[in-house]
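With my numbering, letter number 92 in the sequence shown gets 92, and the count goes up by one each step, no holes.
Glycine included, C-beta positions come from ideal geometry on N, C-alpha and C.
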Amino acid sequence: MADTGRVREPEAAKIRALRSIADLAGDGLAERMRVDAAARVLTIARRALQLQVAPAATAGSAGVVADLALRWDPTTTTATEYLEALSVLQLDAFLAAAPGWAASVRAANSDVMQDQRRVA
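In structure tokens, the structure reads:
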């Protein structure tokens with residue numbers, strides 16, 4: 001009888017579960033959460049830039065967010081892969097700049113946000 005791989009599926013699931021548990025037990029979960037949060041910010045920033053609701057050139061540290069979002073090519077790498085290739089310092093700077101970037105985009109679009117509140 002040919003090996004269909006079905007026997008190995010439960011074993012592979014156990015290995016994946018044990019790896020996840022090892023991440024929880026160590027520092028892996030915290031780093032995974034940082035990268036996941038950064039991937040969400042990167043995706044939002046890229047979309048905002050494409051929709052032209054965020055300026056491509058942002059002053060100060062918030063420019064880090066726009067710069068990385070513009071350099072990321074989602075057709076070649078995922079957001080997670082792109083961010084994992086950054087240095088720890090670059091990722092830290094990106095995450096630190098994200099709230100300021102978001103605040104500047106919100107302020108630049110306050111007229112649109114006010115209109116939405118009236119409609120809702």
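>> So alanine 45 and alanine 54 are supposed to be a Cβ contact under 8 Å. How far apart are they, rounded?
In response: Looking up residue 45 in the sequence shown gives position 45. Looking up residue 54 in the sequence shown gives position 54. At roughly 7 Å, the Cβ-Cβ gap stays under 8 Å, so alanine 45 and alanine 54 are in contact.
> Is leucine 51 buried or exposed, if buried means 16 or more other CB atoms sit within 10 Å of its CB?
Replying inline: Within the sequence shown, residue 51 is the residue found at index 51, counting from 1. Leucine 51 is exposed by the Cβ-count criterion.
> Hey, would you say serine 104 sits closer than 8 Å to alanine 62, going by beta carbons?
Replying inline: On the sequence shown, position 104 is the one that residue 104 refers to. On the sequence shown, position 62 is the one that residue 62 refers to. Yes, the pair counts as a contact, with Cβ atoms nearer than the cut-off.
> Looking only at its own chain, which residues have a Cβ that is under 7 Å from the Cβ of valine 112, when we skip the five neighbours before and after it?
Replying inline: Locating residue 112 in the sequence shown gives position 112, where the first residue counts as 1. Around valine 112: no qualifying Cβ.
> valine 65: buried (16+ other C-beta within 10 angstroms of its C-beta) or exposed?
Replying inline: By one-based count along the sequence shown, residue 65 stands at place 65. When all chains shown are included, valine 65 counts as buried.
> Touch check for the stretch 29-43 and the stretch 79-87: three-plus C-beta pairs under 8 Å?
Replying inline: yes
> For alanine 25, is the classification buried or exposed, using 16 other Cβ atoms within 10 angstroms of its Cβ as the cut-off for buried?
Replying inline: Within the sequence shown, the letter at position 25 stands for residue 25. Flag for alanine 25 reads exposed.
> Rounded to a whole number of angstroms, what is the C-alpha to C-alpha distance between methionine 1 and leucine 29?
Replying inline: Counting from one through the sequence shown, the residue named residue 1 turns up at place 1. Counting from one through the sequence shown, the residue named residue 29 turns up at place 29. For methionine 1, the predicted structure reports a pLDDT of 45, less than 50, and the residue's modelled location is therefore unreliable. The matter cannot be settled from this model.
>> Taking the straight line between their C-alpha atoms, what separation do you get for arginine 47 and aspartate 92?
In response: Within the sequence shown, residue 47 is the residue found at index 47, counting from 1. Within the sequence shown, residue 92 is the residue found at index 92, counting from 1. Answer to the nearest angstrom: the Cα atoms are 21 Å apart.
>> If I follow the unbroken alpha helix (DSSP H) through glycine 63, where does it start and stop?
In response: Within the sequence shown, residue 63 is the residue found at index 63, counting from 1. 63-71 is the span of the alpha helix (DSSP H), which, as asked, contains glycine 63.
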